[in-house]
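Numbering (the working numbering), first residue to last: 23 to 477. Virtual Cβ for every residue (Gly too), placed ideally from N, Cα, C. The structure appears below as structure tokens.
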Amino acid sequence: MDLMEKIISLSKRRGFIFQSSEIYGGVEALWDYGPLGSLLKNNIKEEWIKRFVQSYDSVVLIDGTVLMHPNVWKASGHLEHFTDPLVECKNCHSRFRVDHMADGRFAGQGKAKTKNQCPQCGGKDFTSAKQFNLMFKTFLGPVEDEAHITYLRPETAQSMFTNFKQVQEAMRLKIPFGIAQIGRCFRNEITTGNFTFRTREFDIAEIEYFVKPGEDEKWFDFWVDEWERFFLDLGLKKENLRRYEHPKEALSHYSKRTIDIEYKFPFGWSELAGIANRTNFDLSQHSKMSSKDLSYFDEETSKSYTPYVIEPTLGIERLLLALLVDAYQEIKGGRTTTTKAAKEVEVVLKLDKKIAPIKMAVVPLVKNKPELVKKAKEVYEILKSHFMCQYDEVDSIGRRYRRQDEIGTPFAITIDFETLEKDDVTIRDRDTMEQERVKINDLVGVLKNQLSQNL
Ligand code: GAP
Numbered sequence: 023m024d025l026m027e028k029i030i031s032l033s034k035r036r037g038f039i040f041q042s043s044e045i046y047g048g049v050e051a052l053w054d055y056g057p058l059g060s061l062l063k064n065n066i067k068e069e070w071i072k073r074f075v076q077s078y079d080s081v082v083l084i085d086g087t088v089l090m091h092p093n094v095w096k097a098s099g100h101l102e103h104f105t106d107p108l109v110e111c112k113n114c115h116s117r118f119r120v121d122h123m124a125d126g127r128f129a130g131q132g133k134a135k136t137k138n139q140c141p142q143c144g145g146k147d148f149t150s151a152k153q154f155n156l157m158f159k160t161f162l163g164p165v166e167d168e169a170h171i172t173y174l175r176p177e178t179a180q181s182m183f184t185n186f187k188q189v190q191e192a193m194r195l196k197i198p199f200g201i202a203q204i205g206r207c208f209r210n211e212i213t214t215g216n217f218t219f220r221t222r223e224f225d226i227a228e229i230e231y232f233v234k235p236g237e238d239e240k241w242f243d244f245w246v247d248e249w250e251r252f253f254l255d256l257g258l259k260k261e262n263l264r265r266y267e268h269p270k271e272a273l274s275h276y277s278k279r280t281i282d283i284e285y286k287f288p289f290g291w292s293e294l295a296g297i298a299n300r301t302n303f304d305l306s307q308h309s310k311m312s313s314k315d316l317s318y319f320d321e322e323t324s325k326s327y328t329p330y331v332i333e334p335t336l337g338i339e340r341l342l343l344a345l346l347v348d349a350y351q352e353i354k355g356g357r358t359t360t361t362k363a364a365k366e367v368e369v370v371l372k373l374d375k376k377i378a379p380i381k382m383a384v385v386p387l388v389k390n391k392p393e394l395v396k397k398a399k400e401v402y403e404i405l406k407s408h409f410m411c412q413y414d415e416v417d418s419i420g421r422r423y424r425r426q427d428e429i430g431t432p433f434a435i436t437i438d439f440e441t442l443e444k445d446d447v448t449i450r451d452r453d454t455m456e457q458e459r460v461k462i463n464d465l466v467g468v469l470k471n472q473l474s475q476n477l
């Protein structure tokens, strides 16, 4: 199995990610996050908010709607420009993105044997390219006519522009300041595949950082560094990240400059996140379309101007996939030689403690000694009011440790016979496998300390 297949298999087997509607055969490019996946995703979002909202005086959070006034998408240019060029095979009527045909990649069917050959039927005759809008169309209210059409948002950015003035006034913010948001976005992607990399429904975390025109280039550089530092601090390896500058002719309709931060996924270097200089494009467009003044009054100069916007953006699920790939380690022959299972391949998910879905497992050494089990359950009750933890008494202790290693649990708390005499337990570290004895009375404090050490 290649690394990607192993990640997909682990995700399903251990409850991180399942295919949506699997009992009906699944739906392409839609994935559900299971018990562990949803905790992991939440932890990533929380870290993002801590990092960019809590620790910045100049950044505030909002939570806008998915459905917005249809004019938003006219003003933003999405109706006109948010398109991919599509061709259709004249023989089997499969559709493909022209830009992906050119390098031999096709919609979820892998690579064609030769370029410009349909991977479905081998056909070589295609229609000319047509622009296909990626926004999902729907209707506001019960009448399904032109006047009631709107779209599921393809990015969260727009509600940060439409709310620019209200947020600035309500929070009495001075430029430079940012509005941040994490939210659900929808795109009717044509090229799918590569597990959760490109899906039709996903969460974007982005900031619109409003700056004085002329200071935009300085802030652009600032946010490229900040964004990359966030990924490194979440544990992504430096050698798996690189920057890619978009050539001028390939920039989005709103962008003066864009740099992607790419990750070395098992299927190749691909976009993880981006930073764009959106200039004053969006605020000017919304101001024109709504006839509302969206300028900023600078008290120092007593002049008004339309701010420029630097936008760092990232896909939460894409980041989650990169974190899984980066953390996955196999140890052939196992790390210990004491049990039969250790002869197998051991998997350790070296997720950063901050984002690990389960922080610790409470494990009695054996399950057939009632006094050990009773004590272990008491310890579990204490810990679960502070941390996301699991209780596990099934199978040998070695197997239980490995089950936790495989899902990235940083600590195992073992209750053994000494516990009954001395009222202490061992804390086993996932990465070093070292065990430290700690009094039960001190346990919560010690664990809190260890978990916050790398914040
Ligand atoms: N507001 C700017 C914007 O939306 P984007 O590059 O189109 O920029 C932002 O999207 C981020 O969302 C990307 O860097 C990527 O991480 C993620 N993303 C984009 N399309 C995606 C898809 N179909 N599935 C999963 N994540 C996606």
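query                                                                                                                                                                                 : result
In whole angstroms, what is the alpha-carbon distance linking residue 410 and residue 305?                                                                                            : 43 Å
Is the beta carbon of residue 384 sitting closer than 9 Å to the one on residue 417?                                                                                                  : no
The beta strand (DSSP E) spanning residue 201 covers which residue range?                                                                                                             : 199-208
Inspect the beta-carbon positions of residue 430 and residue 378 and report whether they are closer than 9 Å.                                                                         : yes
Would the C-beta of residue 201 count as close to ligand 1, meaning under 8 Å from any of its heavy atoms?                                                                            : no
With residue 90 and residue 180 assumed to form a contact (beta carbons below 8 Å), what rounded beta-carbon distance in angstroms separates them?                                    : 6 Å
Helix, strand or coil for residue 151, going by three-state DSSP, please let me know.                                                                                                 : coil
Helix, strand or coil for residue 139 per DSSP?                                                                                                                                       : coil
Measure the beta-carbon distance from residue 197 to residue 182 and round it to whole angstroms, keeping in mind my assumption that it falls under 8 Å.                              : That belief does not hold up - the Cβ atoms of residue 197 and residue 182 are roughly 14 Å apart, past 8 Å.
Hey, residue 342 and residue 253: beta-carbon distance below 9 Å or not?                                                                                                              : no
Just how far apart, CA to CA, sit residue 222 and residue 381?                                                                                                                        : 31 Å
Within its chain, find whatever has a CB closer than 7 Å to the CB of residue 441; leave out the 5 residues flanking it on each side and keep chain order.                            : 397, 447
Where in the stretch 452-476 do unbroken runs of the alpha helix (DSSP H), each at least 4 residues long, occur, reported from the N-terminal end onward?                             : 465-474
Is the CB-CB distance between residue 301 and residue 286 below 9 Å?                                                                                                                  : no
For the candidate residues 93, 193, 168, 121, whose alpha-carbon lies nearest to that of residue 213?                                                                                 : 121
Who pairs with residue 299 in a beta bridge, going by DSSP?                                                                                                                           : 279, 332
Label residue 171 either buried or exposed according to how many other C-beta atoms from any shown protein chain fall within 10 Å of its C-beta, with 16 as the threshold for buried. : exposed
Of the choices 439, 158, 335, whose alpha-carbon is the least far from that of residue 104?                                                                                           : 158
Helix, strand or coil: how does DSSP classify residue 131 here?                                                                                                                       : Per-residue confidence for residue 131 stands at a pLDDT of 46, beneath the threshold of 50, marking its modelled position as unreliable; the derived number appears in the next sentence. Three-state DSSP puts residue 131 in coil, outside helix and strand.
Would you kindly work out how many angstroms separate the C-alpha atoms of residue 40 and residue 210, rounded to a whole number?                                                     : 20 Å
Between the alpha carbons of residue 464 and residue 426, how many angstroms are there, rounded?                                                                                      : 23 Å
For residue 74 and residue 81, which I take to be in contact (beta-carbon distance under 8 Å), what is that distance rounded to the nearest angstrom?                                 : 6 Å
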